[in-house]
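Residue numbers (this note's numbering), protein chains in the order written: chain A, 9 to 348; chain B, 9 to 348. Encoded as structure tokens, the structure appears first; notes follow it.
2 protein chains.
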Amino acid sequence: MHDGQLLALMKCLAPEQVEQIGRHAQVLTGIDNMQPVGRRALAGRLRLPEREVRTIAANLKDQGLLTLDAAGMQLTPKADQVLPGARDLTRSLFGLHDLEDRLSKALNIPYVLVVAGDAEKDVQVLREVGRACAHRLRSLLSGQKTVAIAGGSTMMETARGMQFASLPEVTVVPARGGMGNSIETQANTIASELARRLGGRCKAIHVPDSLDASALGEMLRLPEVKEAMELLEKADVVVHGIALADDMALRRSLPPSIVQRIRENGAVGETFGDFFDRSGHTVYRMNTVGTGLGHNEKSHLIAAAAGARKAPAIIAALRRERHDSLITDESAAQEILSLL
Amino acid sequence: MHDGQLLALMKCLAPEQVEQIGRHAQVLTGIDNMQPVGRRALAGRLRLPEREVRTIAANLKDQGLLTLDAAGMQLTPKADQVLPGARDLTRSLFGLHDLEDRLSKALNIPYVLVVAGDAEKDVQVLREVGRACAHRLRSLLSGQKTVAIAGGSTMMETARGMQFASLPEVTVVPARGGMGNSIETQANTIASELARRLGGRCKAIHVPDSLDASALGEMLRLPEVKEAMELLEKADVVVHGIALADDMALRRSLPPSIVQRIRENGAVGETFGDFFDRSGHTVYRMNTVGTGLGHNEKSHLIAAAAGARKAPAIIAALRRERHDSLITDESAAQEILSLL
DNA sequence: TTTAGCGGGTCAAATTTGGCCCAGCGGGGC
DNA sequence: GCCCCGCTGGGCCAAATTTGACCCGCTAAA
Numbered sequence: 009m010h011d012g013q014l015l016a017l018m019k020c021l022a023p024e025q026v027e028q029i030g031r032h033a034q035v036l037t038g039i040d041n042m043q044p045v046g047r048r049a050l051a052g053r054l055r056l057p058e059r060e061v062r063t064i065a066a067n068l069k070d071q072g073l074l075t076l077d078a079a080g081m082q083l084t085p086k087a088d089q090v091l092p093g094a095r096d097l098t099r100s101l102f103g104l105h106d107l108e109d110r111l112s113k114a115l116n117i118p119y120v121l122v123v124a125g126d127a128e129k130d131v132q133v134l135r136e137v138g139r140a141c142a143h144r145l146r147s148l149l150s151g152q153k154t155v156a157i158a159g160g161s162t163m164m165e166t167a168r169g170m171q172f173a174s175l176p177e178v179t180v181v182p183a184r185g186g187m188g189n190s191i192e193t194q195a196n197t198i199a200s201e202l203a204r205r206l207g208g209r210c211k212a213i214h215v216p217d218s219l220d221a222s223a224l225g226e227m228l229r230l231p232e233v234k235e236a237m238e239l240l241e242k243a244d245v246v247v248h249g250i251a252l253a254d255d256m257a258l259r260r261s262l263p264p265s266i267v268q269r270i271r272e273n274g275a276v277g278e279t280f281g282d283f284f285d286r287s288g289h290t291v292y293r294m295n296t297v298g299t300g301l302g303h304n305e306k307s308h309l310i311a312a313a314a315g316a317r318k319a320p321a322i323i324a325a326l327r328r329e330r331h332d333s334l335i336t337d338e339s340a341a342q343e344i345l346s347l348l
Numbered sequence: 009m010h011d012g013q014l015l016a017l018m019k020c021l022a023p024e025q026v027e028q029i030g031r032h033a034q035v036l037t038g039i040d041n042m043q044p045v046g047r048r049a050l051a052g053r054l055r056l057p058e059r060e061v062r063t064i065a066a067n068l069k070d071q072g073l074l075t076l077d078a079a080g081m082q083l084t085p086k087a088d089q090v091l092p093g094a095r096d097l098t099r100s101l102f103g104l105h106d107l108e109d110r111l112s113k114a115l116n117i118p119y120v121l122v123v124a125g126d127a128e129k130d131v132q133v134l135r136e137v138g139r140a141c142a143h144r145l146r147s148l149l150s151g152q153k154t155v156a157i158a159g160g161s162t163m164m165e166t167a168r169g170m171q172f173a174s175l176p177e178v179t180v181v182p183a184r185g186g187m188g189n190s191i192e193t194q195a196n197t198i199a200s201e202l203a204r205r206l207g208g209r210c211k212a213i214h215v216p217d218s219l220d221a222s223a224l225g226e227m228l229r230l231p232e233v234k235e236a237m238e239l240l241e242k243a244d245v246v247v248h249g250i251a252l253a254d255d256m257a258l259r260r261s262l263p264p265s266i267v268q269r270i271r272e273n274g275a276v277g278e279t280f281g282d283f284f285d286r287s288g289h290t291v292y293r294m295n296t297v298g299t300g301l302g303h304n305e306k307s308h309l310i311a312a313a314a315g316a317r318k319a320p321a322i323i324a325a326l327r328r329e330r331h332d333s334l335i336t337d338e339s340a341a342q343e344i345l346s347l348l
């Protein structure tokens, strides 16, 4: 019997109890996310009554899954073994697996993961998306691989959500659409953080912000810069977020004329410095200097983006280029499905 | 993720709730076994407090799985869809799947099914074994098959437990070790009942009891009898119970000298009129006239026997001949494992 | 030393449980 | 065909348990 069938069966027999089990799993994962944590903080985040958290925590303690001390609740090593299963279970019970399947079919993406909640209402959700993205990335990494990771808050959470490992053969490169502004500097930071956690190398390119075009052209001819660019082009895995065109136009402080042009052309999203419209066509390319998308055809493309507002941008980004994996949140997932 | 893993995970997270779900499944299957049935009768059989049955019944009613009226509780068509799953779930949660796996390995039998309970303490268990045996038999039947079924109370329950079907191409033959006594007459009855339920043909051989040897020899030369014997020999599936040697020696009212001989030779069990010892070697063959075991090498052999007392006989019978399936009850299963 | 956050205790309110009875109905015996 | 008995679901209420909403003493970090 398949998993989903078993869960459906049990839901049919005793929905109350299944939900209760789900809440247990939720509490367990919640503790893992914030440990050490107290009942009240946790109850607030999970939107559960304090008393229920207390009862569940007592149960889990009986099972030897957590310890209660003055610092708060913390998971035991035993809990770490059940944790992946518990995460999966919560996703199943929240109906997220169903969302994932539908998205996977509708968007033609092999791997889709949906995190419960709404990133716009709960910052914790973005962390969860980052963690899930990190997990997916980790599962694609083995031996001598090159990872390119872009910038943005989602990618920051991805780097921070990566578990520590020892993969000295792995090289991390900032997947930058161009060079010479603060956004790309941030990509450097993220890449080095990711490399640190993976125990691998990082080929970050440190360039002062706001150089003029000719100075950038000079830099591109430097051997180490060229090396990094080549690495970027043959990256095995490329991970990136998806930005809203409007937000990004403002944040990158583009000249008003450009902003207007972007808007008039119906841009909805931005990746790697490229603004694109609903159908995924490039409307404006921010970086005249750089490698463009920065990946080849054989590489795994992982996109991570959360929040219902980003739904149109996500759809467009996925139309633009065939992706291997999508990590998003519940609200975005539902919005995407309603837009299609 | 595999089923057992999911259940183990949930047990680890919230054992109480999992048990509760198990009880729900138990009540559902219990109702199916005895419907229409009242709370108290059911509570008595399942050894649960009446109130709990009441609560669970209310839950199941909320799920639209059963109706409550003056006649008692009855399942709805919707419940029939979940019923097989519920049966399997109860077996999983009672740890019977574990028993099955261990028996399967220890005895080298591909299909093992263990029914909860003890047939010696609860007659209902034998019915359940019969039902399970019928289910297994049914799963092996398709198109033009010949089934041989032996006698005994377990086989009677197997025939009675078979769901009605329409398999006109199926032929049922009584799997008899010999001819000419009441036991074989019973095999006829069972075979015809089974054939009736399967919607197939029955090739029963009606011979008066207690003919002498020469008269039997004559009968064996009759064309219709020969035909039945040939069918028996090429049966695709053979289903049989396993009797205790002592019981059977008494019940068949053998002469005291034979009974003593059987005992002295350490007979533990009997099938098809053959008495055998612990190692499965034939100690005494009751029927000098007949087809012996009555099956060929290619046929599926299904054995069904319940009750801890039968454990040694079951072990010996399985040593005696390679079986395809074993259906037994919990007490016998545990006794078998403790004896090995 | 202060302070914020922790687990645990407490206790009334709400809910569930346990055990019993009741009126009604349906099937088996006559 | 009819009646009667046994079993049915549902009602009921006290007992037990769980829930909810606090407070308290402690500890670890600031």
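In this text, a Cβ means the ideal position worked out from N, Cα and C, and glycines have one as well.
Chain B contact residues for residue i, given Cβ-Cβ distances below 8 Å
{"i": "A:V90", "result": "L17, C20, L21"}
{"i": "A:L76", "result": "Simply none; closest approach about 17 Å."}
{"i": "A:G93", "result": "M9, Q13, L14, L17"}
{"i": "A:Q82", "result": "Simply none; closest approach about 17 Å."}
{"i": "A:L134", "result": "In chain order: nothing, as chain B lies at least about 26 Å away."}
Burial state of residue i, where buried means 16 or more other Cβ atoms lie within 10 Å
{"i": "A:D337", "result": "buried"}
{"i": "B:F172", "result": "exposed"}
{"i": "B:G302", "result": "For B:G302, the pLDDT reaches just 48, beneath the cut-off of 50, and the residue's location in the model is therefore unreliable, although a value from the coordinates is still provided. So B:G302 ends up on the buried side."}
{"i": "B:N67", "result": "buried"}
{"i": "B:E235", "result": "exposed"}
{"i": "B:L347", "result": "exposed"}
{"i": "A:Q28", "result": "buried"}
{"i": "A:S150", "result": "exposed"}
{"i": "A:L230", "result": "exposed"}
{"i": "A:K153", "result": "buried"}
{"i": "B:D285", "result": "buried"}
{"i": "A:S333", "result": "buried"}
{"i": "B:T296", "result": "Bear in mind that a pLDDT of 49 at B:T296, under 50, signals an unreliable position, so the number given afterwards is only what the model happens to contain. Classification of B:T296: exposed, given that the 10 Å Cβ count is below 16."}
{"i": "A:E226", "result": "exposed"}
{"i": "A:R339", "result": "For clarity, residue 339 of chain A is Ser in the given sequence; the question names Arg instead. With 16 or more other Cβ atoms within 10 Å, it is buried."}
Bridge-paired residues (DSSP) for residue i
{"i": "A:M237", "result": "None; A:M237 has no bridge partner."}
{"i": "B:A156", "result": "B:V181, B:V246"}
{"i": "A:G277", "result": "A:L252, A:F284"}
{"i": "B:Q82", "result": "B:T75"}
{"i": "B:D337", "result": "B:V123"}
{"i": "B:V291", "result": "Per DSSP, none; premise fails for B:V291."}
{"i": "A:L309", "result": "A:V246"}
{"i": "B:C210", "result": "B:V180"}
{"i": "A:V45", "result": "A:M81"}
Contacts that residue i makes with chain A (C-beta to C-beta distance below 7 Å)
{"i": "B:G14", "result": "The question names Gly, but residue 14 of chain B is Leu in the sequence shown. Residues of chain A passing the Cβ test: D11, L14."}
Whether residue i touches residue j by CB criterion (8 Å)
{"i": "B:A65", "j": "B:M42", "result": "no"}
{"i": "A:L351", "j": "A:I117", "result": "With chain A covering only 9 through 348, there is no way to say anything about residue 351 of chain A."}
{"i": "A:E108", "j": "A:V90", "result": "no"}
{"i": "A:A142", "j": "A:T162", "result": "no"}
{"i": "A:T98", "j": "A:T37", "result": "yes"}
{"i": "A:D40", "j": "A:L101", "result": "no"}
{"i": "A:R293", "j": "A:G281", "result": "yes"}
{"i": "A:A321", "j": "A:L252", "result": "yes"}
{"i": "A:K86", "j": "A:G103", "result": "no"}
{"i": "B:G357", "j": "B:P176", "result": "Lying before the first or after the last residue shown, residue 357 of chain B is absent from chain B, which here runs from 9 to 348."}
{"i": "B:V181", "j": "B:K211", "result": "yes"}
Under 7 Å by beta carbon: chain B residues contacting residue i
{"i": "A:Q25", "result": "Q25, Q28, I29"}
{"i": "A:N41", "result": "Result: empty, since nearest Cβ-Cβ is about 16 Å, beyond 7 Å."}
{"i": "A:L97", "result": "L17"}
Neighbour list for residue i in chain A, Cβ cutoff strictly below 9 Å
{"i": "B:A33", "result": "L17, M18, L21, A22"}
Residue i Cβ short of 7 Å to the ligand COA heavy atom set
{"i": "B:A253", "result": "Among the components of this structure there are no ligands whatsoever, and the ligand COA is therefore not found."}
Below 8 Å, how does it come out for the stretch 306-313 of chain B and the stretch 229-245 of chain B: are there three or more Cβ pairs, yes or no?
yes
Taking contact to mean 3 or more Cβ pairs, one atom from each stretch, closer than 8 Å, check whether the stretch 55-65 of chain B and the stretch 94-110 of chain A are in contact.
no
Touching or not, the stretch 134-144 of chain A and the stretch 23-35 of chain B, by the rule of three or more beta carbon pairs under 8 Å?
no
Using 8 Å as the cut-off, can you tell me whether the stretch 252-263 of chain B makes contact with the stretch 198-214 of chain B, which would need three or more C-beta pairs spanning the two stretches below that distance?
no
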